[in-house]
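Peer 1:
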Amino acid sequence: MSVDVLQGRTMGQGQLPAPMIEVRAVSKNFGPTRALIDVSISVASGEMRALVGRNGAGKSTMVSLLTGLLAPDRGELLIGGMPPASAQAVACVYQHSRLVPAMSVAENIMMGGYPRGTWGQISWPRLREAASRELEPWGLANIASRLVEEIDPVQAKVVEICRALARSPRVVLLDEPTAGLDRRDAERLFDFIGQLKERAVTLIYVSHHLDEIYRLCDSATVLRDARHIVTAKLGDLPKQALIDAMVGQQTQSPFLGHSDSKTRSAVELPRVEEGIRLEVKGLTVTQQVVDVDLAVRRGECVGIAGLEGSGKAEFGSALAGLIKPDAGVVRIDGESFRLGDVRAALRAGIGYVPQNRHAQGMVTLLPVSENATMTATRMLARPLIPGLLDVLFQSDREKAYERLARQWQIVAASPQQLIGELSGGNQQKCVMARGLATDPKVLVLQNPTAGIDVAAKASIMRSLRDILARGASVVVISEDADDFALCSRVVVLNRGRVGRELGAEWSEGELVAAMQGVE
Amino acid sequence: MSARISSGTPSVGTSGAAFQLFGGLRQIVLLPVIALLIVFGSLVHPAFLTWNNVTTNILAASAVLAVLVVAESMLIIAGKFDLSLQSLVALAPMISAILVVPVESYGNGLDLNPIFGLVVLFAVGAAVGILNGLLVARLNLNAFIVTLAMLILLQGITLGISRGKTIYNLPDAYTFIGRAAPLGVPLEVWIALAVIAVAAWFLRFSVIGRQIYAIGGNVDAARATGVKVERVVFGLFVVASLLASLAGWLMTARIASVTANQGNGIIFTVFAASVIGGIDLNGGRGQILGAATGVLLLGIIQNLLVLSQVPAFWVMAIYGAVILLSLMLSAAASSGGAILGSIWIGTGGVTGQAKAGERA
């Protein structure tokens, strides 16, 4: 690939302007984890540089180093010739809003430095004037007096950019600026960001969405596994080459078959029975999920892949009844059920393992047995006064837990141990067991192996195999190729719509390309 | 609660400097309600609209509440609160009075100079504020539990050191603010007005004032723009306790004595006045002038209940019902049109009050 030729070279131009950012041989470790290894990058003044890499590549560490939040263990980092922390030289617009909703747009922009009057008091007229000056070039001077909570999300992003620019930084860093915006709003935001080019602002743009990068940036720096892989002008770097640089040579995975070939010839897939178990028709959630169809057979495992914001998370939540879709039908064994109702989904036979086990999956202060059987309380209870009072015996709960613990190989000191004391892998197994406690016909998993070790991953895959063998169906929602090991096919979502469908054989590069919407 | 009540209000005013000084319409939205109550009151009782009734029975009687509301409102805006403020109303003057008055009046025999006694009064407040601030801002303990425990502790100390007795024969230095009336208006009223004006100015025109709003509105945003959150919150607890000490002095001057249970239960009225006045319990929203109109509203209602000779045993129940009604209506209003809705609160308040009167 041409990537190798470009390796390590920066901006193949004859005479370079003085670099605004210089990263020289920087390394950073967190305990035993190597977050950045010997990374050298330089960004010219006025350049718009994309910073790309998959999850865990070292992007966020790089962002923290640039903003001065972290210091490198080795190497040197200069912004305009100065260390970043001292100069407050980099203004960062974070993915999550740092605006105060109840304050005016003008005040939010000027929060870092209020203009003062004669007695040191805040001068509101001058504040509004200064803020309007910042908003003027964007054509938004008219929103200066409005409250942030009253403006639309694109305007709010622009306000954050204005606040960053008001500090006259040397570099502006945008971290996933289109996160949470729908397609139309993202387009509007691009028009705004494009103006920064004319204003010769040095910009670092962090995004998972390669199409955004190709629209806005001059060049891209790719990080992978804590190393600097390549920096090149985007004109010289076709999208496929960029994806290859992000994905790299396929490393051996314990769950995927061949390591040498780039193609995943599947591990022996579970046998799929005849008959549709789960049928989704025209599922639509605002603009996040648009008209998605899906059919899963008995004993089949199907993957749903997509970038953040592709709608895959919302798709899963909609199946579980956590959000109410605007349109669509979901049938299990031919029977539809009320959408947007968790109990209806449970009754219909959907088991759900949420995306973030800490936020939605478990109650850390309760015993592991109680966590694992939480969804099945109704099934386990016995009527004390029929129709009025059901009681749940501890012994019944523990019996049910023992069964799940065997199935999922949960290692806990006793059923009474608090789940918060278990390892991440065992917690995740327990959350999965909870999804299965009701004996669901369809199990929906979101990022099932995020943040757990290899052994726990393998054990989770074994358990999933058992479930499939019993004729249940599994839907795995993820962006990690390893999670799709048991899937007979992977359906890729792009901005809410079904994009490509990958069969049993695909490479990680193909998957990433499909998630990016590259043909 | 009144989360979105101010959302229809232009915050950086759109029409001139005078408007801006008021910081928007929300602050004065209770004024029409108050006007209605005044009209209603003057019809109900001839003594209502007399100079003496207004300055002494309404304004001066609300001074203690006003100072406490200013203190609590600043904390609520920053997303915190302090229940123990009410216990300082008794403790600060009690400690200082015991050091000052002679043994015959239950002093401890130190016979401190009264001026020095007043220094002690504020020092007690500062010490309590520092302690609360350390526990909440530095150690990050829950404000509810910390200040609730502090409330119980301080009330217990007050009871312990006074052995339940009331201290009379206070020196002039303590009581003159309860008697002086420059320009025919009691000094307490001037003091309360000054506290309100300074706090309102501070919250609007000082950088720390704006940081208080930012902390309550979005603490991450505040940190991202370099606000030293812990330091500001700590300072707020100290200022609030100092103001509570001042409120204790005002109350002592008014009744010319110190009792162990003065101020008991006032904290509920403090919260009610703040919320009716548009301070959002979730933090980040509301203005001091608005809270002050909340105090005025409650003061007028209280006065009307007394004047219309509601049996004394029922005043408290009716007062509580009126507060509850105002809160329910302001919650309903916040989901509807902001300004019209808020005026609605008022008419509701009036009818609620009228009905309460009928029942009594």
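Residue numbers (our numbering), protein chains in the order written: chain S, 1459 to 1977; chain E, 49 to 408. We put the CB at the ideal spot given by N, CA and C, even for glycine.
In terms of alpha-carbon separation, which member of S:I1910, S:G1779, S:I1651, S:E1758 lies closest to H1816 of chain S?
Peer 2: Of the candidates S:I1910, S:G1779, S:I1651, S:E1758, the one whose C-alpha sits nearest the C-alpha of H1816 of chain S is S:I1910.
Peer 1: What would DSSP say about K1857 of chain S, mapped onto helix, strand or coil?
Peer 2: Residue state, collapsed to three classes: helix.
Peer 1: Counting contacts by CB-CB distance shorter than 8 Å, is Q1579 of chain S in contact with chain E?
Peer 2: It does: the Cβ of Q1579 of chain S has a partner Cβ on chain E nearer than 8 Å.
Peer 1: If we ignore side chains and look at the alpha-carbon of each, how far apart do I225 of chain E and M122 of chain E end up?
Peer 2: So the two alpha carbons sit approximately 25 Å from each other.
Peer 1: Along the chain, where does the alpha helix (DSSP H) containing C1550 of chain S start, and where does it finish?
Peer 2: No alpha helix (DSSP H) contains C1550 of chain S, which is instead part of the beta strand (DSSP E) from 1548-1551.
Peer 1: Please compile the residues from chain S whose C-beta is within a distance smaller than 7 Å of the C-beta of V255 of chain E.
Peer 2: Neighbours of V255 of chain E on chain S, chain order: Y1572, I1580.
Peer 1: With a cut-off of 8 Å on the beta carbons, I'd call I324 of chain E and L345 of chain E a contact; round off their distance for me.
Peer 2: Yes, I324 of chain E and L345 of chain E are in contact; Cβ-Cβ is about 6 Å, under 8 Å.
Peer 1: Got a sec? Which residues, its chain only, sit under 6 Å from T206 of chain E by beta carbon, not counting five neighbours each side?
Peer 2: Hits under 6 Å: A138, L139, M142, A308.
Peer 1: If you draw a straight line from the C-alpha of L136 of chain E to the C-alpha of V194 of chain E, how long is it?
Peer 2: Straight-line Cα distance between these residues: approximately 15 Å.
Peer 1: Using a beta-carbon distance below 8 Å, is V1558 of chain S in contact with chain E?
Peer 2: Chain E contact via Cβ: present.
Peer 1: Work out the CA separation of I366 of chain E and A301 of chain E for me, nearest whole Å.
Peer 2: Computed Cα separation, rounded: 28 Å.
Peer 1: According to DSSP, what are the bridge partners of T1679 of chain S?
Peer 2: DSSP, once it has assigned bridges, lists S:L1509, S:T1689 as partnering T1679 of chain S.
Peer 1: Taking its Cβ as the centre, do 16 or more other Cβ atoms sit within 10 Å of V1821 of chain S, making it buried, or is it exposed?
Peer 2: Classification for V1821 of chain S: exposed.
Peer 1: What I want to know is whether the C-beta of A304 of chain E ends up closer than 7 Å to one or more non-hydrogen atoms of the ligand FMN.
Peer 2: By its list of ligands, the structure shown contains no ligand whatsoever, and the ligand FMN lies outside what it can speak to.
Peer 1: Hey, would you say R1685 of chain S sits closer than 8 Å to I1495 of chain S, going by beta carbons?
Peer 2: Yes.
Peer 1: Within 8 Å, do at least three Cβ pairs link the stretch 1653-1666 of chain S to the stretch 1614-1631 of chain S?
Peer 2: As far as the Cβ criterion goes, the stretch 1614-1631 of chain S touches the stretch 1653-1666 of chain S, which means the pair count is three or higher.
Peer 1: Report the residue from E:G332, E:I348, E:Y154, E:V318 whose alpha carbon sits nearest the alpha carbon of N217 of chain E.
Peer 2: Closest option to N217 of chain E, Cα to Cα, is E:Y154.
Peer 1: Would you mind reading off the limits of the alpha helix (DSSP H) that contains Q350 of chain E?
Peer 2: Q350 of chain E -> alpha helix (DSSP H) spans 336-355.
Peer 1: When the cut-off is 8 Å and only beta carbons count, does M1890 of chain S lie next to chain A?
Peer 2: No chain A is part of this structure, whose protein chains are labelled S and E.
Peer 1: For chain S, check one thing: does any of its Cβ atoms lie closer than 8 Å to the Cβ of N190 of chain E?
Peer 2: N190 of chain E does not count as touching chain S.
Peer 1: Can you give the Cα-Cα distance for T214 of chain E and R227 of chain E, rounded to whole angstroms?
Peer 2: Rounded to the nearest angstrom, the two C-alpha atoms are 20 Å apart.
Peer 1: 8 Å is my cut-off, CB to CB: does G313 of chain E come that close to chain S?
Peer 2: Not one chain S Cβ lies under 8 Å of G313 of chain E.
Peer 1: Which residue wins for smallest C-alpha separation from V1787 of chain S, given the options S:Q1553, S:V1750, S:V1501?
Peer 2: Out of S:Q1553, S:V1750, S:V1501, S:V1750 has the C-alpha closest to the C-alpha of V1787 of chain S.
Peer 1: Starting from F170 of chain E, trace the alpha helix (DSSP H) in both directions and tell me its first and last residue.
Peer 2: 162-181 is the span of the alpha helix (DSSP H), which, as asked, contains F170 of chain E.
Peer 1: Less than 8 Å separating the beta-carbons of L291 of chain E and V87 of chain E?
Peer 2: Contact: no.
Peer 1: Since R333 of chain E meets chain S, which of its residues come closer than 8 Å, beta carbon to beta carbon?
Peer 2: Residues of chain S passing the Cβ test: A1560.
Peer 1: Taking its Cβ as the centre, do 16 or more other Cβ atoms sit within 10 Å of E1594 of chain S, making it buried, or is it exposed?
Peer 2: E1594 of chain S should be labelled exposed.
Peer 1: Please classify S1500 of chain S as buried or exposed, where buried requires at least 16 other C-beta atoms within 10 Å of its C-beta.
Peer 2: Burial call: buried.
Peer 1: One question on the structure: do E1758 of chain S and S1946 of chain S come within less than 8 Å of each other, judged by their Cβ atoms?
Peer 2: Contact: yes.
Peer 1: From the DSSP output, in three-state form, read off K1517 of chain S for me.
Peer 2: In this structure, K1517 of chain S counts as helix in the three-state DSSP scheme.
Peer 1: Do we get a CB-CB distance below 8 Å when we pair D268 of chain E with the residues of chain S?
Peer 2: Yes - at least one Cβ of chain S is within 8 Å of the one on D268 of chain E.
Peer 1: If we require 4 or more residues per run, which alpha helix (DSSP H) segments fall completely within the stretch 266-318 of chain E?
Peer 2: Entirely contained in the stretch 266-318 of chain E, the alpha helix (DSSP H) runs reaching 4 residues are, in chain order, 267-272, 277-303.
Peer 1: DSSP on Q1672 of chain S, reduced to helix/strand/coil?
Peer 2: Position check: residue 1672 of chain S holds Tyr in this sequence, whereas Gln was assumed. Helix.
Peer 1: How big is the Cα-Cα spacing for V1548 of chain S and F164 of chain E?
Peer 2: Distance between the alpha carbons of V1548 of chain S and F164 of chain E is about 53 Å.
Peer 1: Can you tell me the Cα-Cα spacing of M364 of chain E and V237 of chain E, whole angstroms?
Peer 2: Going by the C-alpha atoms only, they are around 24 Å apart.
Peer 1: I want to verify the contact list: residues of chain E whose CB lies under 7 Å from the CB of M1837 of chain S, in sequence order.
Peer 2: The premise fails here: M1837 of chain S is roughly 37 Å from chain E at the closest Cβ pair, so nothing lies under 7 Å.
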